[in-house]
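Just so you know, we're using my numbering here: the sequence shown kicks off at 1198 and counts up by one.
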Amino acid sequence: MNTLKEAKTLIQENIRDYGMYIALFVIILTFTIMTDGLFMSSRNISNLIDSAGYIAVLAVAMTLVIVIRHIDLSVGYAAGFMGAIAAILMTQAGMPVYITIPIILILGIVIGLFSGFLVASIGIPAFVATLAAMLIFRGALLQVTEKTGTIIIQNDTFNAIGNGYIPSLLQFNGLHLLTLIVGLVGIGFYIYSEISNRRNKMKYQFDVVSTGIFVLKLVFISAIIAYITWILAGYNGFSWTIIIMLLVVVIYHFISTKTVLGRHIYAVGSNPEAAHLTGINVKKITYIVFGSMGMMSALSGILFTARLQSATTTAGTLFELDAIAAAYVGGVSAAGGVGKVTGAVIGAIVMASLTNGMNLLGVGISYQYMIRGGVLALAVIFDVLTRMKR
């Protein structure tokens, strides 16, 4: 009884963190029932997560941009433009993949740093600076694809990034063995990190949840990871898109929660003036965050271009809005200083699940846009209400 009461109190006090998981569960349950189980089929879940990949990496970096009270509207067409440059380098310049990808990522960082320069050093509002950049990249994308139109990429190695799967050591009862191993390693890593965090908090006498609730959380999250792994193992296993997305989340989660840089980012977001007075270089943080946003734009462009196996004139359209929506649905605060990169990925999966489920039900595209807009509005209203309660 005490455990149930504590669980209820924990959810109420951390509703911003747990709300998105509850929303995702409700969406999955609803669409699974309405599609007679088709929504949770191995093929559909694999396609759903792959389709969320290029938005998820954008949403992760966008979360940090919003945390420091800025916005980046240029990331969509920047991703499309850099995807087109990657295609040109490989198809027209004959450049190998292992050289093309680092060049595109570095180009993304440079583009992000330029946006950071306009915002941090020149003092242009981020909305205006990145809106200008969005228009520039839209024109640049049209310019580089003007003569050729859609650029078809026939490089199997590059295309595997968006369409390939990790190799299978062997099949175990029809399941992808390496995927099962990766899933087990992931569960082990999650349990170890949670236990380590709990011990550190107890060492410094911070409040922690009871042992019962802690064990329940470990079992619940581990079961979810195991179930998703089992579903994907029944198809072709983990795709390279999923692996890349997970690596990005792990790296950004570590930086944002375990490093001095991460603490400085949240300090700047909470109160830029106070952060400056404590000795934090606010301009430097702004440069770093926009630089990371540019790099993730480049990665998103690579993932999307590889998935389509071509660079198109419309690539990147509305990517920035999907990334911003995913970040807000994932729990980032419009006031700055609050938000988790793990939440951004869940937000991206929530939005992708909505689109995927509505497509399976044959919902018209006009209604889809309205429903997704409504979900974004609800996420922001939820954020405002939770801040008012505090």
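Glycine is no exception: its CB is placed at the ideal position from the N, C-alpha and C atoms.
Helix, strand or coil at residue i according to DSSP, with G and I counted as helix
i, result
"Q1565", "helix"
"F1403", "coil"
"F1435", "coil"
"S1390", "helix"
"A1508", "strand"
"F1373", "Strictly speaking, residue 1373 in this sequence is His, with Phe absent from that position. Three-state DSSP puts H1373 in a strand."
Short Cβ contact (7 Å threshold) for residue i with residue j
i, j, result
"Y1317", "Y1463", "Just to set this straight, residue 1317 is Ala in the shown sequence, not Tyr. In this structure, Y1463 does not lie closer than 7 Å to A1317 by Cβ."
"F1417", "A1337", "no"
"V1486", "L1261", "yes"
"A1253", "M1493", "no"
"V1457", "I1482", "no"
"I1392", "S1507", "no"
"H1450", "T1539", "yes"
"A1522", "A1541", "no"
"G1513", "Y1251", "no"
"T1227", "S1271", "no"
"I1224", "S1489", "no"
"A1290", "I1301", "no"
"G1434", "T1376", "yes"
"Y1379", "R1395", "Looking at the sequence shown, residue 1379 is not Tyr but Val. Contact: no."
"V1529", "A1220", "no"
"A1503", "F1355", "yes"
"P1315", "I1308", "The question names Pro, but residue 1315 is Leu in the sequence shown. The answer is no: Cβ separation not under 7 Å."
"G1459", "I1448", "no"
"A1276", "F1516", "yes"
"T1454", "D1247", "no"
"L1304", "T1297", "no"
Cβ-Cβ separation, residue j to residue i (assumed contact under 8 Å), whole Å
i, j, result
"H1267", "A1323", "4 Å"
"S1497", "L1255", "5 Å"
"G1534", "V1264", "6 Å"
"T1232", "L1557", "5 Å"
"S1243", "Y1389", "Actually they do not touch by this definition, with Cβ atoms about 27 Å apart."
"V1294", "N1352", "6 Å"
"A1281", "T1342", "6 Å"
"T1509", "T1347", "5 Å"
"G1561", "I1306", "Actually they are not in contact, since the Cβ atoms of G1561 and I1306 sit about 40 Å apart, beyond 8 Å."
"L1245", "N1468", "Actually they do not touch by this definition, with Cβ atoms about 39 Å apart."
"M1217", "G1544", "6 Å"
"A1430", "H1373", "4 Å"
"I1441", "L1500", "7 Å"
"Y1387", "S1407", "With a Cβ gap of about 20 Å, Y1387 and S1407 do not count as contacting."
"A1531", "V1577", "6 Å"
Extract the residue ranges of the alpha helix (DSSP H) inside the segment 1317–1349, only unbroken runs of 4 or more that lie entirely within it.
The segment 1317–1349 is shown to contain whole alpha helix (DSSP H) runs of 4 or more residues at 1323–1341, in chain order.
Assess contact between the segment 1423–1435 and the segment 1227–1236, defined as three or more Cβ pairs (one per stretch) separated by less than 8 Å. Is contact present?
no
In chain order, which beta strand (DSSP E) runs of at least 3 residues are fully inside the segment 1513–1561?
none
Can you give, in chain order, each stretch of the alpha helix (DSSP H) that sits fully within the segment 1214–1283 and has at least 4 residues?
When DSSP assignments are scanned along the segment 1214–1283, the uninterrupted stretches of alpha helix (DSSP H) that are 4 or more residues long and fall wholly within it turn out to be 1239–1264.
Note down, one range per segment and in chain order, each alpha helix (DSSP H) of at least 4 residues found wholly within the segment 1459–1506.
Within the segment 1459–1506, the complete alpha helix (DSSP H) segments at least 4 residues long are 1469–1474, 1479–1505, listed from N- to C-terminus.
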